[in-house]
Amino acid sequence: MRLPRRQFVHLVAAAAIIPALPPMAMAVNYPARPVRIIVGFPPGTSPDIIARLLGDWLSERLGQQFIIDNRSGAASNIATEFVAASAPDGYTLFIPVSTNAINATLYKNQNFDFVRDLAPVASIGRATFVLAVTPSLPVKTLPEFIAYGKANPGRLYMGSQGIGTTPHVCGELLRMMTGIEFVHVPYRGSLIPDLLAGQVQFYFSPIPQAVGYIGDGRLRALGVTGAKRSTALPDAPAIGEFVPGYEANGWFGIEAPRGTPAEIVGKLNNEIGAGLEDSKFKARLLALGVEPRAMTAPEFKDFIIAEVDKWAKVIAFAGIKPE
């Protein structure tokens, strides 16, 4: 059957419009099925706990399950690559952390570009670290610690969870900004027993991990890495009070594959922002040592770019190579 020319032209025009409709339609109905939140670390770690907290919130708000999918390994690079290659439809999300900004420089020849291939959706919050030292170290203040490190090269040992981890680069940033000297000792398991025993003398610890040891005197807090003092350790100064410009935080957020419709990104950003304003949600984050920090998607993108650039300088200065 041959169609009249006018009818044929109308059908062709309608067909051309159809591909432009789904993104808006998807955003209006989003989510219409369960959503996966990919976590690059094992169950029970901070990113996993935060993902589950956020997943519960979004499930309640949006009426669909947000399922946590742990794909640990290669310092979160396995999970990052998986998300970067996923369909940009809002049904695969990712929990990026400060480690990912470090990885962007540390690991070469990846099959993805962290900045290019992922779309920032929302910031969740920041986690401050504390410079904790064993009491056997003959220093009681940060200036004394810096002076000791300069005067005793090779006699200070810093523990961390591994090369290129956030606690590691916190120390390297301090070295770059002060000239302090130390030996880095990466651990695969817990380093706390060796720190308490004085086998390593200091560690940039997540505050919740160290606060009990600091409270009973088994560790001494010399400073926190955030821009201001922590409510959990009010007597510990910000390192920046003595080293102007020093700031190093862990952070958490949500991203999606590049090309995810802006309407879906905006909807998720709004719902996550509502969570960061909710008193119960905020309290649970604070209990994990995470300070809620809302951002628009463009603000979060600028923040990530700045973090990648910052740690690239530190990695180059320290000559850090992946394990």
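Residue numbers (this note's numbering): 1 to 323. The C-beta atom is built at its ideal place from N, Cα and C for all residues, glycine as well. Predicted, not measured: the structure shown is a model, and the values here were computed from it.
Note down the Cα distance separating lysine 313 from glycine 212, rounded to an integer number of angstroms.
Numbered from 1 along the sequence shown, position 313 holds the residue referred to as residue 313. Numbered from 1 along the sequence shown, position 212 holds the residue referred to as residue 212. Cα to Cα, the separation comes out at about 34 Å.
Stretch pair the stretch 276-295 + the stretch 88-105: three plus CB contacts closer than 8 Å:
no
Between the stretch 200-212 and the stretch 123-142, can you find at least three pairs of beta-carbon atoms closer than 8 Å?
yes
What is the rounded straight-line gap between the Cα of threonine 141 and the Cα of arginine 220?
To locate residue 141, count along the sequence shown from 1; it is residue 141. To locate residue 220, count along the sequence shown from 1; it is residue 220. Cα to Cα, the separation comes out at about 9 Å.
Hey, isoleucine 214 and leucine 233 are a contact pair by Cβ (cut 8 Å); roughly how many whole angstroms apart?
In the sequence shown, counting from the first residue as 1, residue 214 sits at position 214. In the sequence shown, counting from the first residue as 1, residue 233 sits at position 233. Going by Cβ atoms, the distance from isoleucine 214 to leucine 233 rounds to 7 Å, so yes, they are a contact pair.
Could you tell me how far apart the beta carbons of valine 35 and leucine 118 are, in whole angstroms, since I believe they sit closer than 8 Å?
On the sequence shown, residue 35 is found 35 positions in, with the first residue counted as 1. On the sequence shown, residue 118 is found 118 positions in, with the first residue counted as 1. Rounded, the Cβ-Cβ distance is 16 Å, inconsistent with contact.
Determine the extent of the alpha helix (DSSP H) in which glycine 171 is found, giving its start and end residues.
Locating residue 171 in the sequence shown gives position 171, where the first residue counts as 1. Where glycine 171 is concerned, the enclosing alpha helix (DSSP H) stretches over 166-178.
Rounded separation between isoleucine 163 and leucine 276 - CA only:
Against the sequence shown, residue 163 aligns to sequence position 163. Against the sequence shown, residue 276 aligns to sequence position 276. Cα to Cα, the separation comes out at about 32 Å.
At least 3 beta-carbon pairs within less than 8 Å: the stretch 65-78 vs the stretch 236-247
no
Measure from the alpha carbon of glutamate 172 to the alpha carbon of each residue in Pro193, Gly253, Gly149, Ser59, then state which is nearest.
As a first step, residue 172 is located in the sequence shown; it is residue number 172 there, counting from the start. Measuring from the Cα of glutamate 172, the nearest candidate turns out to be Gly149.
For leucine 53, which option in Ala87, Gly189, Asn77, Gly125 has the closest C-alpha, if you only look at C-alpha atoms?
Taking the sequence shown and counting its residues from 1, the one referred to as residue 53 is at position 53. If we check each option's Cα against that of leucine 53, Gly125 comes out closest.
Beta-carbon separation (whole angstroms), alanine 84 vs proline 257, contact threshold 8 Å:
The sequence position of residue 84 within the sequence shown is 84, counting from 1. The sequence position of residue 257 within the sequence shown is 257, counting from 1. Confirmed, Cβ separation roughly 6 Å.
Proline 138 versus isoleucine 180 - alpha carbon distance
Residue numbering aside, residue 138 sits at position 138 when the sequence shown is read from its first letter. Residue numbering aside, residue 180 sits at position 180 when the sequence shown is read from its first letter. So the two alpha carbons sit approximately 16 Å from each other.
Cβ-based burial, asparagine 249 [other Cβ within 10 Å; buried from 16]
Here residue 249 refers to the residue found at position 249 of the sequence shown. Asparagine 249 comes out buried.
Alpha carbon to alpha carbon, how far is alanine 274 from phenylalanine 303?
As a working note, residue 274 is residue 274 in the sequence shown. As a working note, residue 303 is residue 303 in the sequence shown. Each residue's Cα considered, the two are about 20 Å apart.
Neighbourhood of valine 265 by C-beta, 7 Å cutoff - its chain only, sequence neighbours within 5 removed:
On the sequence shown, position 265 is the one that residue 265 refers to. Its chain contains Ala119, Val121, Ala256, Ala297 as the residues whose beta carbon lies nearer than 7 Å to that of valine 265, once the 5 sequence neighbours on both sides are disregarded; these appear in chain order.
Quick check for students: name the residue ranges of the beta strand (DSSP E) that lie wholly in the stretch 99-124, counting only runs of 3 or more.
none
Give the straight-line distance between the Cα atoms of histidine 184 and isoleucine 38, rounded to the nearest whole angstrom.
Along the sequence shown, read from residue 1 onward, the residue named residue 184 stands at position 184. Along the sequence shown, read from residue 1 onward, the residue named residue 38 stands at position 38. For histidine 184 and isoleucine 38, the distance between alpha carbons rounds to 31 Å.
Determine the burial state of glycine 159: buried for a count of at least 16 other Cβ atoms within 10 Å of its Cβ, exposed for fewer.
As a working mapping, residue 159 is identified with position 159 in the sequence shown. Counting Cβ neighbours within 10 Å, glycine 159 comes out buried, since at least 16 surround it.
What do you reckon, is the C-beta of glycine 226 under 7 Å from a heavy atom of the ligand PLP?
In the structure shown, the ligand PLP is absent, as is every other ligand, since no ligand is present at all.
Which residues share a DSSP beta bridge with proline 206?
Translated into the one-based positions of the sequence shown, residue 206 becomes position 206. According to DSSP, which records beta bridges pairwise, proline 206 is partnered with Phe129.
Just the C-alpha distance for alanine 236 and serine 230, rounded to the nearest angstrom, thanks.
To locate residue 236, count along the sequence shown from 1; it is residue 236. To locate residue 230, count along the sequence shown from 1; it is residue 230. Going from the Cα of alanine 236 to the Cα of serine 230 covers about 8 Å.
Tell me whether alanine 221 sits in a helix, a strand or coil according to DSSP, three-state version.
Translated into the one-based positions of the sequence shown, residue 221 becomes position 221. Strand.
Among Leu285, Ala306, Leu174, whose alpha-carbon lies nearest the alpha-carbon of tyrosine 246?
Reading the sequence shown from its first residue, position 246 is the one you call residue 246. Cα-wise, what sits closest to tyrosine 246 is Leu174.
What's the call for arginine 116, buried or exposed, on a 16-neighbour Cβ count within 10 Å?
Translated into positions along the sequence shown, residue 116 becomes position 116. It counts as exposed.
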